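Okay, so here's the structure we're looking at.
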Amino acid sequence: MDFDRTKISKKKLIDLYESMLIPRLIEEKMIVLLKQGKISKWFSGIGQEAISVGVTKAIRDDEYVLPMHRNLGVFTSRGIPLYNLFCQWQGKIDGFTKGRDRSFHFGAKENHIIGMISHLGPQMGMACGISLGHLLKKEKKLCVVMTGDGGTSEGDFHEALNVASVWKLPVIFCIENNGYGISTPAKEQYAIENLVERGIGYGIESFMIEGNNVLEVYKNVSNIAKDIRSDPRPIIIEFKTFRMRGHEESSGQEYVSQQELDTWSKKDPVIQFENYLLEEKLIKNDKCKEFSSKYSKLIDNEWVKSELKEEIIFNESNELSDVFKTLDLQINKDSNKSSNIRFVDAISQAIHLCMEEDRDLIIMGQDIAEYGGVFKITKGMSSTFGKERVRNTPLCESVVLSASMGLSILDIPSIVEMQFSDFVSSGFTAIVNLISKSYYRWGQNASIVIRMPCGGGVGAGPFHSQTNESWFTTVPGLKVVYPSFPKEAKGLLINSIKDPNPVLFFEHKKLYRTITEDVPSDSYVTPFGKAIIRAEGNDMCIITYGLGVHWALEEVKKFPEAAIAVLDINTLVPLDYDSIFDLVKKTGKVLLLQEDSRFGGFMGEIAAEISEKCFEYLDAPIFRLASLNTPIPFTANLEEGYFPKRKLNNKIKTLLEY
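When we follow the numbering used here, the leftmost residue of the sequence shown carries the number 283, and every step to the right adds one.
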């Protein structure tokens with residue numbers, strides 16, 4: 283292996299050697315401890331230390347690195363205490379996730395490291411968000427994100443390259459090509475010869491570097507980093523290397539030939555660099571042994587210390603309290619000044635007021651700048667706030683959502699507009715596995731509002747008409763808001779934007795331009811989890827939300843002889859159980875109405891809670907009314923037949939007579 287030490291001091295050479303030696307010694311100990319049953323899993327990076335160390339040492343300590351399983355050298359090079367790392371791997375309280383996640387699935391913002399999740403792809407989007415944040419803050423910083431050869435087949439990888447290229451983001455995409463995705467060889471993963479060729483299609487400069495040569499890694503990344511700080515743009519680097527152990531330690535390597543192992547063992551980055559330093563008389567053998575002894579002793583001592591730490595004791599209150607970050611919001615009094623506006627105008631006003639109040643807040647989505655979005659909610663905002671803050675995105679929901687998580691890491695709140703709520707399925711992993719779990723896992727909140735234009739009644743067919751709130755109400759860590767009137771829509775959206783937790787904000791398209799109301803002109807906050815009684819009554823109650831509220835209010839007028847209450851729950855998570863139970867106890871009869879299809883719908887959860895908490899107060903079975911268990915159709919007659927509205931009158935009559 284050819285080591286070129288030009289312009290690298292002896293001190294730096296020794297530092298690089300020590301920095302590779304530490305993770306190697308830790309790994310060797312962890313493999314022994316795994317066999318002893320002291321840790322549950324180990325994903326080895328033996329043979330790939332030169333990349334982790336060389337890249338981390340080549341950038342500034344205040345620049346973020348987003349590593350993967352095999353990048354222990356990133357963590358140790360940034361000085362993360364071994365005691366805390368060892369507690370993390372044992373699931374103890376002094377780890378970074380309080381026993382809630384394993385291995386390197388955590389972040390350490392003080393060390394500017396953001397760990398991975400098992401789905402790999404969102405890592406790329408987060409890097410885009412962090413680097414975008416640096417541009418917005420006018421900081422001359424970059425971000426580095428790691429992935430393996432297997433991860434380059436993920437859709438998020440390609441979306442991230444496209445976004446980074448279009449937005450000229452200062453991010454370095456590092457591909458550690460170790461030849462295998464778990465056990466699948468490179469030839470079965472992609473058809474091109476080298477992964478750097480993928481940069482051509484995205485207009486991104488790409489470099490291929492010998493990944494086992496720490497000097498080549500360090501020098502090249504140092505030069506690239508310096509260049510893109512002054513001229514922001516993305517770069518792809520493919521590091522050729524090899525994984526000397528299995529994907530995870532217990533999986534073995536039967537799929538690797540002995541010849542291949544023998545070839546790469548001769549390129550061991552730690553041994554080869556040590557031999558070079560010895561040959562060049564830059565270090566003596568005694569010093570190498572001294573380093574090994576010193577760090578082995580440190581590792582042993584820190585392990586014993588972590589092993590003595592008591593096991594975590596389950597505390598239900600602690601677990602539940604760490605799902606959401608708390609924030610005491612000032613609930614504004616209504617302004618004396620108001621105007622009669624449409625639902626769509628209330629949404630637009632809320633965004634505009636929040637953009638004025640918080641100069642860091644940005645909104646991202648397809649066609650939202652000059653075009654104003656397909657529903658014209660952001661029309662004119664790009665002129666007022668600039669296209670940096672009202673940002674058109676390519677059609678890549680997944681990476682844009684992951685990027686919003688990256689922005690949150692830099693304390694930049696964001697609104698992400700789904701052009702239609704149906705399209706959120708393309709970003710499902712980012713929401714339910716990255717954004718929703720981050721605060722519970724390692725204390726990083728996500729200041730993100732995902733706007734969800736939803737619902738039928740406008741003849742838009744199966745792909746533009748779903749009301750898909752139940753996809754998300756089962757996911758801990760997400761708040762779900764679904765207003766039915768302009769006044770609440772404005773106040774709830776302002777609350778959502780100010781909330782430090784992720785909020786899915788459902789906006790029914792049918793209501794945009796059909797419902798008007800007097801709405802205060804100033805900024806105000808409507809609290810979550812406070813249902814509203816839209817109609818009073820003692821004979822029975824209808825509990826609903828969204829368009830269902832208007833169906834119910836229209837239908838109860840046809841029963842002048844009965845007193846029928848209508849409860850608008852407006853926030854599904856958190857849910858106002860107290861108001862629901864109080865109304866059920868008062869009326870004794872309840873009809874649960876939803877636009878979504880019946881099976882697995884949100885009202886099934888409310889029915890179960892009522893049955894458990896209010897059974898003795900019921901004078902009739904709990905009635906549920908929902909749309910058919912079919913996709914929502916396009917033609918007006920079919921759509922009308924799909925909706926539960928046609929059955930509502932008869933259902934009310936049946937319940938009243940029960």
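Ideal Cβ positions, reconstructed from N, Cα and C, are used throughout, including at glycine.
None of the values given here were measured: they were computed from a predicted structure.
One question on the structure: do residue i and residue j come within less than 7 Å of each other, judged by their Cβ atoms?
i, j, result
"G737", "K658", "no"
"I454", "T434", "no"
"F388", "W724", "yes"
"Y764", "F788", "yes"
"G329", "M526", "yes"
"L902", "L938", "Looking at the sequence shown, residue 902 is not Leu but Ala. No, they are not a contact pair."
"L760", "P782", "no"
"S497", "F285", "Checking the displayed sequence, the identity of residue 497 turns out to be Leu instead of Ser. Yes, the Cβ-Cβ distance between L497 and F285 is below 7 Å."
"A728", "L683", "no"
"S620", "D376", "no"
"K772", "A632", "yes"
"S720", "C369", "no"
"S708", "S680", "yes"
"I945", "A332", "Summary: the structure shown does not reach residue 945, with the chain confined to residues 283 through 940, and so no result is reported for it."
"D431", "A473", "no"
"V656", "Q612", "no"
"V731", "S803", "no"
"E837", "N931", "yes"
"L451", "C410", "yes"
"E751", "V762", "yes"
"R624", "R816", "no"
"N715", "H440", "no"
Can you look up residue i in the DSSP assignment and give me helix, strand or coil?
i, result
"Q726", "coil"
"D568", "helix"
"C896", "coil"
"H416", "helix"
"M283", "coil"
"N494", "coil"
"N783", "coil"
"L865", "helix"
"A507", "helix"
"L930", "helix"
"P943", "No information on residue 943 is available, as it lies outside the stretch 283 to 940 that the chain covers here."
"L659", "Checking the displayed sequence, the identity of residue 659 turns out to be Ile instead of Leu. It is coil, neither helix nor strand."
"L692", "coil"
"L857", "coil"
"S802", "Here residue 802 turns out to be Pro, not Ser, going by the sequence shown. The answer is strand: DSSP assigns P802 an E or B state."
"I396", "strand"
"E556", "helix"
"E542", "helix"
"G773", "helix"
For residue i, write down the residues that DSSP places opposite it in a beta bridge.
i, result
"Y462", "P467"
"S909", "S879"
"N401", "First, the residue type needs correcting, since residue 401 is His and not Asn in the sequence shown. Paired residue(s): none; H401 is not in a bridge."
"C823", "A847, V872"
"A817", "V848"
"N674", "G647"
"K522", "N459, E492"
"H790", "C736"
"I454", "V426, I517"
"E487", "I517"
"G381", "Answer is none; G381 lacks a bridge partner."
Assuming residue i and residue j are in contact, meaning their beta carbons sit under 8 Å apart, how far apart are those beta carbons, in whole angstroms?
i, j, result
"I851", "I825", "6 Å"
"K323", "S385", "6 Å"
"S301", "V335", "4 Å"
"Y500", "K339", "6 Å"
"L595", "I644", "Here the sequence assigns Ile to residue 595, which means Leu is not the residue at that position. Between I644 and I595 the Cβ distance is about 42 Å, and since that is not below 8 Å, they are no contact."
"P768", "T798", "7 Å"
"M687", "M663", "That belief does not hold up - the Cβ atoms of M687 and M663 are roughly 23 Å apart, past 8 Å."
"N674", "I650", "6 Å"
"I486", "L443", "6 Å"
"F841", "L874", "Rounded, the Cβ-Cβ distance is 18 Å, inconsistent with contact."
"C823", "L865", "5 Å"
"M406", "D438", "5 Å"
"F378", "R352", "Contact doesn't hold; Cβ gap of about 18 Å is too wide."
Does residue i have its Cβ less than 7 Å from a Cβ in chain C?
i, result
"K591", "Checking the listed chains, one finds no chain C in this structure; it contains a single protein chain."
>> Suppose only complete runs of 4+ residues qualify. What are the alpha helix (DSSP H) ranges in the segment 577–655, listed by chain order?
In response: 598–603, 625–639
> Which ranges would you report for the alpha helix (DSSP H) in the segment 699–762 if only whole runs of at least 4 residues count?
Replying inline: 720–724
> Which residue spans inside the segment 286–361 form an unbroken beta strand (DSSP E) run of at least 3?
Replying inline: 346–348
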